[in-house]
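Accompanying notes for the structure given below.
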Amino acid sequence: MICEGGLHRLDREPRGSITVVSTIAVTSSTLTDPTIEQQNESEESLDLSWQVVVHNDPVNLMTYVTMVFQRVFGYPREKAERHMLEVHQQGRSILWSGVRERAELYVQQLHGYLLLATMEKVN
Amino acid sequence: MEICRRKDGLEISELDPFLAELLRQIPASSSIENSPAAKRRIFSAPAGDEHKEICAEWKLYVLPELERLFRSATETVAADLEQLSGNEKTFANRSLLIPTKHADAWLNALNQARLTIAARNDFSDGELAITIDRRSDQGAI
Numbered sequence: 019m020i021c022e023g024g025l026h027r028l029d030r031e032p033r034g035s036i037t038v039v040s041t042i043a044v045t046s047s048t049l050t051d052p053t054i055e056q057q058n059e060s061e062e063s064l065d066l067s068w069q070v071v072v073h074n075d076p077v078n079l080m081t082y083v084t085m086v087f088q089r090v091f092g093y094p095r096e097k098a099e100r101h102m103l104e105v106h107q108q109g110r111s112i113l114w115s116g117v118r119e120r121a122e123l124y125v126q127q128l129h130g131y132l133l134l135a136t137m138e139k140v141n
Numbered sequence: 227m228e229i230c231r232r233k234d235g236l237e238i239s240e241l242d243p244f245l246a247e248l249l250r251q252i253p254a255s256s257s258i259e260n261s262p263a264a265k266r267r268i269f270s271a272p273a274g275d276e277h278k279e280i281c282a283e284w285k286l287y288v289l290p291e292l293e294r295l296f297r298s299a300t301e302t303v304a305a306d307l308e309q310l311s312g313n314e315k316t317f318a319n320r321s322l323l324i325p326t327k328h329a330d331a332w333l334n335a336l337n338q339a340r341l342t343i344a345a346r347n348d349f350s351d352g353e354l355a356i357t358i359d360r361r362s363d364q365g366a367i
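In order, the protein sequence lines correspond to chains H and L. The first sequence begins at 19 in the numbering used here and counts up one residue at a time. The second sequence begins at 227 in the numbering used here and counts up one residue at a time.
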């Protein structure tokens, strides 16, 4: 099970740019000033722009859906119920957003519990 | 009928013959054979049509896993239900023990059966809402 803290840490992964120290030039005879190359990666290249959406389903029971949200995302009961009610009242709820691979994993888990879940690219 | 929590599971005793037969129907009810609607519901798409690559990979790698998971759950439940095999008249006073470690399989198989029955019979939201009214504490989303 994934704890909520873990999810928040993932949500807070650096967005925008990151700095990579890639080269420090050292010669055998003299020590020269290190050359530091900076590489900026955009949010797009980090692929953080996916969201996991659960859609309304007239068959799955409210209590069951709440339990699944708690199990899959590690959400406390109150938060899981809020998402469940959002699905019920608005037809869908965004449960999580972040990198594609993680989104795929969550969607797979939700399908394992037979919920209607999809991953969507954030515009 | 009595439901008791035991150390190693849940025991349903003094089963009503009708309920016993309903339980025995769970594995058959979850079958999606000859029902494209049920198959679409049980194995729904992971993304919209615009994400063809994701859907193709899903079909190749994830779908077989899900099929295995669902089949395994149904087989576990069917094995537990062997406790109820026999003459219908003998159901009275018969007990069904559901081991705690089988709880997830039961949840999964029951949900497969509910979803399959709803999809196969094309129940409308209104028809399903009748169920909600009768069981207000267990409404569907």
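Note that beta-carbon positions come from the ideal geometry of N, C-alpha and C, so glycine has one too.
Residue i, enclosing alpha helix (DSSP H) - first and last residue
i                      : result
residue 85 of chain H  : 80 to 91
residue 231 of chain L : First-last for residue 231 of chain L: 228 to 232, but that is the beta strand (DSSP E), not the alpha helix (DSSP H).
residue 343 of chain L : 329 to 346
residue 289 of chain L : 289 to 306
residue 323 of chain L : Where residue 323 of chain L is concerned, there is no enclosing alpha helix (DSSP H), although the beta strand (DSSP E) it sits in stretches over 322 to 325.
residue 103 of chain H : 95 to 108
residue 276 of chain L : From DSSP, residue 276 of chain L is part of no alpha helix (DSSP H); its letter is neither H nor E.
Backbone secondary structure at residue i - three-state DSSP
i                      : result
residue 252 of chain L : helix
residue 271 of chain L : coil
residue 241 of chain L : coil
residue 262 of chain L : helix
residue 71 of chain H  : strand
residue 115 of chain H : strand
residue 352 of chain L : helix
Start-to-end residues for the beta strand (DSSP E) that takes in residue i
i                      : result
residue 76 of chain H  : Neither: residue 76 of chain H is in no beta strand (DSSP E) and is coded neither H nor E.
residue 134 of chain H : Per DSSP, residue 134 of chain H belongs to no beta strand (DSSP E) and is neither H nor E.
Cβ-based neighbour list, residue i, same chain, cut-off 6 Å, excluding 5 preceding and 5 following
i                      : result
residue 238 of chain L : 229 and 322
residue 345 of chain L : 263, 264 and 267
residue 73 of chain H  : 110 and 134
residue 105 of chain H : 72, 74 and 111
residue 121 of chain H : 68, 70 and 137
residue 320 of chain L : 241
Close-in-space but distant-in-sequence residues of the same chain around residue i (CB under 8 Å, 5 per side omitted)
i                      : result
residue 292 of chain L : 269
residue 129 of chain H : 135
residue 288 of chain L : 272
Close-in-space but distant-in-sequence residues of the same chain around residue i (CB under 7 Å, 5 per side omitted)
i                      : result
residue 281 of chain L : 271, 272 and 273
How about the segment 294 to 307 of chain L and the segment 88 to 102 of chain H: do they share at least three Cβ pairs that are nearer than 8 Å?
no
Worksheet entry | Meets three-Cβ-pair contact criterion under 8 Å: the segment 336 to 347 of chain L and the segment 261 to 270 of chain L | The segment 336 to 347 of chain L vs the segment 261 to 270 of chain L: in contact.
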